[in-house]
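Participant: To start, I am sharing the structure in question, which I have written as structure tokens.
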């Protein structure tokens, strides 16, 4: 497990949690700490124990062993399981609505807690509006579409103002466009309310979009936990590498977007800069203030180009000297200011000897230093270090011809269309 | 055919004139079967829910027994209730054989497995995760069971109809433990049997029609309630 233990006192922690079913141990998590306000995604293949972990943490199933601490209080000793359950909410893959109106469904958690009807009304109406289902208020829950039903389920969960929200594959049963808008709405409400959330998903794009940290599970254990870029770019073992795919994932911010080509400023050295400060910036309304850039390009021409961008967008106040920035161009429709992940598959990255300009149509060219060369069958996997980490597949022949070795300076290039953009939130 | 027309005519005149004897028999039938159904609802929904929501060794056998119980022959129930309530039987001291109470007991025994079986099926049809969802909404165990029963209310309405329909039309047990005593334990079904055996087909038909009207009216009301609950 990677060391990424939060320093703030956790809102929830699980110590040595074990769950058995049919005599077989299906969950064995040594330690898990959740920081207040964070969104943690749990990814992993089917049967990895994601659902079991959520149900164990929320005390919906019996533990064979282990303790759950909520705000430092031991559940079952310092705080009763019922009182603990009343601090949390859970949304499942199925909406699991009651056979009544949308309004009564959203109100149900509050009613269970004995909240007065007069107080319930305001809260329920707020949540209905937040999830865009105010017009469905008096509809029977049984007549809703899948997306509307899941919105109702989310509104019901948020109505009790949970301190902890558990989401068990909440969008898995929805069609892609519905999933897309719902994910955006969920992220918005999570951020405005500052709710701590733990979401199980098998969709890594979903996890990348809303998480501060990602935990990868396999065979009942958490095999790696850390910020998204770390999980994606530095999987600790082969299983995670094969599960998360082989893409390089770089975090950045959109500077401009013209005629389908976006210019994205890459947050430099994402894995070394410390995830905490970045998380903080997301929390503070994603202000631009702590995103720092300086210009760096493949050659002078590119430098001039970058400079133009700064001037046009009047960004210099955010640019501080002495810190690195890389700009890359990517095909896609995004809005300036948006936080994104750029995914680049190694087979799309081409390497040239340093000094030789890339005369192809590739929009992106960066000087980089070779970190490692790992043989991988017919080609070699070349790990590059520049303004951001990059992996390229290079044939054995090219390695020899270009005399590539760790420490060599090269130019790495890839087309704008090779960049797959994932919007965060 | 004349017998039938005469019978229906007679039935209408008995109904319109509010014949005191017929009214008395009808009222007793409703009272006895209604009470028996109410008792069966408490026991049937209670145990049916408990069996549906728990797992224990031998659960399969219990479920099979409940399902068999749904087809319990009324005469067998009548026989055993008679034996138990017989003067020197285990509950003979209560001296309730040949009283309306005895009929209520017998009918409750007939209706309970019906209600229990339908409850069991209804509760098992609810999504398993609904229980977890309700607990995650902050419910106590008691609140969870109550909310689940509310979720199954449409099916449970069917249990009420099946239970009541089963006992109001039942004759074997009522005649055995009630004795068809005029003005005391005579109910619609036992009266119909007696009048038919006496050859008074007109009165028998009249009683039969009343029985049908009541069975229909009560089911109509319950069905309307059930349909109103349904989403439009």
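Residue numbers (our numbering), protein chains in the order written: chain A, 198 to 622; chain B, 118 to 349. By construction, the Cβ of each residue, glycine as well, lies at the ideal position given by its N, Cα and C atoms.
1) From residue 400 of chain A to residue 533 of chain A, what distance separates their C-alpha atoms?
2) Have a look at A:252, A:292 and A:247 and flag the residue whose alpha-carbon is nearest the alpha-carbon of residue 285 of chain A.
3) Counting Cβ pairs closer than 8 angstroms, one from the stretch 124-138 of chain B and one from the stretch 196-205 of chain B, do we hit at least three?
4) Closer than 8 angstroms, CB to CB, is residue 244 of chain B near chain A or not?
5) Which same chain residues, not among the five before or five after residue 329 of chain A, have their C-beta less than 8 angstroms away from its C-beta?
6) Between residue 608 of chain A and residue 570 of chain A, what straight-line distance do the alpha-carbon atoms span, to the nearest angstrom?
7) In whole angstroms, give me the CA-to-CA distance for residue 237 of chain A and residue 543 of chain A.
8) Find the residues of chain A that neighbour residue 257 of chain B, judging by a C-beta separation of less than 7 angstroms, and give them in chain order.
9) Rank B:183, B:326, B:232 and B:192 by C-alpha distance to the C-alpha of residue 220 of chain B and give the top, closest one.
10) Relative to the C-alpha of residue 362 of chain A, which residue among A:235, A:588, A:583 and A:223 is closest?
11) Are the stretch 592-612 of chain A and the stretch 428-444 of chain A in contact at 8 angstroms, needing three or more beta carbon pairs?
12) Taking only beta carbons into account, state which residues of the stretch 289-310 of chain A come closer than 7 angstroms to chain B, listed in chain order.
13) Between A:561, A:407 and A:211, which lies nearest to residue 549 of chain A when the distance is taken from Cα to Cα?
14) Would you mind sorting residue 477 of chain A into buried or exposed? The rule is 16 or more other CB atoms within 10 Å of its CB.
15) Contact defined as beta carbons within less than 8 angstroms: I believe residue 243 of chain B pairs with residue 282 of chain A. What is the distance between those atoms, to the nearest angstrom?
16) Spell out whether any CB of chain B is found under 8 angstroms from the CB atom of residue 360 of chain A.
17) Mind reading off the beta-carbon distance from residue 294 of chain B to residue 223 of chain B? Whole number of angstroms is fine, and I expect it under 8 angstroms.
18) Quick one: list the residues of chain B neighbouring residue 286 of chain A, beta-carbon separation under 7 angstroms, in chain order.
19) Cα-Cα, which of A:567, A:228, A:207 and A:241 is closest to residue 403 of chain A?
20) Who are the neighbours of residue 250 of chain B on chain A, taking C-beta pairs under 8 angstroms?
21) Below 8 angstroms between beta carbons: does that hold for residue 360 of chain A and residue 323 of chain A?
22) With C-beta atoms as the reference, is residue 146 of chain B less than 8 angstroms away from residue 338 of chain B?
23) At the level of alpha carbons, what is the spacing between residue 245 of chain B and residue 288 of chain A?
24) Taking only beta carbons into account, state which residues of the stretch 248-266 of chain A come closer than 9 angstroms to chain B, listed in chain order.
25) Alpha helix (DSSP H) containing residue 448 of chain A: first to last residue?
26) Using a beta-carbon distance cut-off of less than 7 angstroms, what residues from the stretch 120-140 of chain B approach chain A?
27) Give me the chain A residues within the contact set of residue 273 of chain B, using Cβ-Cβ distance strictly less than 7 angstroms, ordered along the chain.
28) Please look up how many angstroms separate the CB atoms of residue 306 of chain A and residue 370 of chain A, rounded, as I've assumed it's under 8 angstroms.
29) Would you tell me roughly how many angstroms separate the C-alpha atoms of residue 137 of chain B and residue 129 of chain B, rounded to the nearest one?
30) In chain order, what residues of the same chain lie with their CB nearer than 6 angstroms to the CB of residue 599 of chain A, ignoring the 5 residues before and after it?
31) Whose C-beta lies closer than 7 angstroms to the C-beta of residue 313 of chain B among residues of the same chain, with five residues either side of it excluded?
32) Quick check on residue 348 of chain B - is its C-beta less than 8 angstroms from some C-beta in chain A?
33) So which residues on chain B does residue 542 of chain A lean against when the C-beta distance must stay under 9 angstroms?
34) If we count the other Cβ atoms within 10 Å of its Cβ and call it buried at 16 or more, is residue 119 of chain B buried or exposed?
35) Let me check understanding here. Comparing Cα to Cα, which of A:216, A:308, A:298 and A:303 lies closest to residue 265 of chain A?
36) Taking the runs of the beta strand (DSSP E) that are 3 residues or longer, which of them lie wholly in the stretch 253-314 of chain A?
Facilitator: Well, looking at it:
1) 26 angstroms
2) A:252
3) no
4) yes
5) 348 and 382
6) 15 angstroms
7) 27 angstroms
8) 279
9) B:192
10) A:235
11) no
12) 289, 291, 293, 295, 296, 305, 306, 309 and 310
13) A:561
14) With a pLDDT of 32 at residue 477 of chain A, under the threshold of 50, the modelled position of that residue is not reliable, and no figure is offered here.
15) Actually they are not in contact, since the Cβ atoms of residue 243 of chain B and residue 282 of chain A sit about 20 angstroms apart, beyond 8 angstroms.
16) no
17) 5 angstroms
18) 253
19) A:241
20) 287, 289 and 293
21) no
22) no
23) 14 angstroms
24) 252, 255, 256, 257 and 258
25) From DSSP, residue 448 of chain A is part of no alpha helix (DSSP H) but of the beta strand (DSSP E) over 445-455.
26) none
27) By Cβ distance, chain A contributes nothing, its closest Cβ being about 12 angstroms from residue 273 of chain B, past 7 angstroms.
28) Going by Cβ atoms, the distance from residue 306 of chain A to residue 370 of chain A rounds to 22 angstroms, so no, they are not a contact pair.
29) 14 angstroms
30) 550
31) 321
32) In this prediction, residue 348 of chain B scores a pLDDT of 49, lower than 50, which makes its location untrustworthy; no coordinate-derived value is stated.
33) Per Cβ cutoff of 9 angstroms: no residues; residue 542 of chain A is ~38 angstroms from chain B at best.
34) exposed
35) A:216
36) 262-267 and 285-288
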